[in-house]
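>
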Amino acid sequence: MPTITIYEVFKTVLRQRDESDALQAIALMEQGSVVDLTANISILAAKISLERNMPMADSIILATGRIYQATIWTQDSDFEGIEGVRYVPAQFKG
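Each residue of the sequence shown is one higher than the one before, starting from 4 at the first, in our numbering.
Right, dumping it as structure tokens:
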């Protein structure tokens, strides 16, 4: 997973819950492979961003998945319908 997903998940969980929960989420994420942003990923991300009119963070996530031939699992509807992405809608309990 690209390092930028750590930023995004931590920020989201911190906003919705608290710092302890955010740190726990990150600890779980770090059990997998964390990939630093490289020049190759940056260049591909820039191309993807222009082609898809995609924000920087999303294009970095997609580029990382493509370079590492990994499936991206997400609840972010911005990724719905993109090849190499498994979009799973969030199940909110209310």
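Ideal Cβ positions, reconstructed from N, Cα and C, are used throughout, including at glycine.
#1: Going by DSSP, what residues sit across from P5 in a beta bridge?
#2: What does a CB cutoff of less than 6 angstroms around T67 pick up in its chain, not counting 5 residues either side in sequence?
#3: Find the nearest neighbour of E86 within the set S80, Q94 and I75, judged by alpha-carbon distance.
#4: In the structure shown, what three-state DSSP assignment does I75 receive?
#5: Return helix, strand or coil for V16, following the three-state DSSP convention.
To lay it out plainly:
#1: V38
#2: P5, V38 and I44
#3: I75
#4: strand
#5: helix
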